[in-house]
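Engineer: Residue numbers (my numbering), protein chains in the order written: chain A, 1 to 111; chain B, 1001 to 1114. My structure is below; once you've seen it, I'll send some questions.
Shown next, in the form of structure tokens:
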């Protein structure tokens, strides 16, 4: 099985940098994903890590350490529209390859 | 290229009725996943299907819930004899293969049981 932990809520200021952590325990690892979800909307893909290290994509970066079961999502130059829930998901290495999601971190960006 | 289409967007049912939720994956995608989301919670995996096959239904309740993905037509999540606890947002996602780099989600169906 899989167990995924991330903070429930975070608050940050417009223009600042925020780091959202995710720790996981899994019996078989085959990739970690970050999704963004605005209230009442579908989750949208942000990033994918399968090897250790940092993946950068514009204002968003994601880091993975497989040995520590740890990832973080880094958001730079925060904008008001970044207020959303950020979901960490881990895919298992079975043939099904389903993704298990954490409960999400609700980020509130204040002016 | 249309995205993942789910309908209806909102569905209201009385206790004991049946709910049918539809999901048409993106063009070229043959893998469909259903997730349930309660308010203030994350997505909970329910079932993973390929065309005409259920690959993993480990997240499906043992009773009243069923899913299919026929050769032709959308994937259907069916809930019989709904209860208030079934009220949730149900999201469908699709991918072109089982170990894709990402899932594409539909806008979800909000089920409300009165």
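Heads up, the beta-carbon is just placed ideally off N, CA and C, and yes, glycines get one too.
Would you mind giving the Cβ-Cβ distance between residue 1106(B) and residue 1006(B), rounded to the nearest angstrom? I have them listed as a contact below 8 Å.
Structural biologist: Yes, they are in contact, since the Cβ atoms of residue 1106(B) and residue 1006(B) sit about 4 Å apart, within 8 Å.
Engineer: Across the segment 48–68 of chain A and the segment 99–110 of chain A, are there enough close Cβ pairs to call them in contact, namely three or more that are closer than 8 Å?
Structural biologist: These segments do not touch.
Engineer: Could you pull the DSSP bridge partners for residue 76(A) from this structure?
Structural biologist: Paired residue(s): none; residue 76(A) is not in a bridge.
Engineer: Please name the residue in 17(A), 57(A), 68(A) and 58(A) whose C-alpha comes closest to that of residue 29(A).
Structural biologist: The option with the nearest alpha carbon to residue 29(A) is 68(A).
Engineer: Take the Cβ of residue 64(A) as the centre, count every other Cβ of all protein chains shown within 10 Å, and call the residue buried at 16 or more, exposed below.
Structural biologist: The residue is buried, with at least 16 neighbouring Cβ atoms inside 10 Å.
Engineer: Measuring CB to CB, does residue 1098(B) end up less than 7 Å from residue 97(A)?
Structural biologist: Cβ atoms of residue 1098(B) and residue 97(A): closer than 7 Å.
Engineer: I'd like to check one pair, residue 35(A) with residue 78(A): are the Cβ atoms closer than 7 Å?
Structural biologist: Going by C-beta atoms, residue 78(A) is not nearer than 7 Å to residue 35(A).
Engineer: Is the beta carbon of residue 1094(B) sitting closer than 7 Å to the one on residue 1046(B)?
Structural biologist: No, the Cβ-Cβ distance between residue 1094(B) and residue 1046(B) is not below 7 Å.
Engineer: Express the C-alpha separation of residue 1096(B) and residue 1163(B) in angstroms, rounding to a whole number.
Structural biologist: Any question about residue 1163(B) goes unanswered here, given that chain B covers just 1001 to 1114.
Engineer: Would residue 63(A) pass as an interface residue toward chain B - the criterion being a Cβ-Cβ separation below 7 Å?
Structural biologist: Chain B contact via Cβ: absent.
Engineer: Within the 7 Å Cβ cut-off, does residue 32(A) reach chain B?
Structural biologist: By this cut-off, residue 32(A) is not an interface position.
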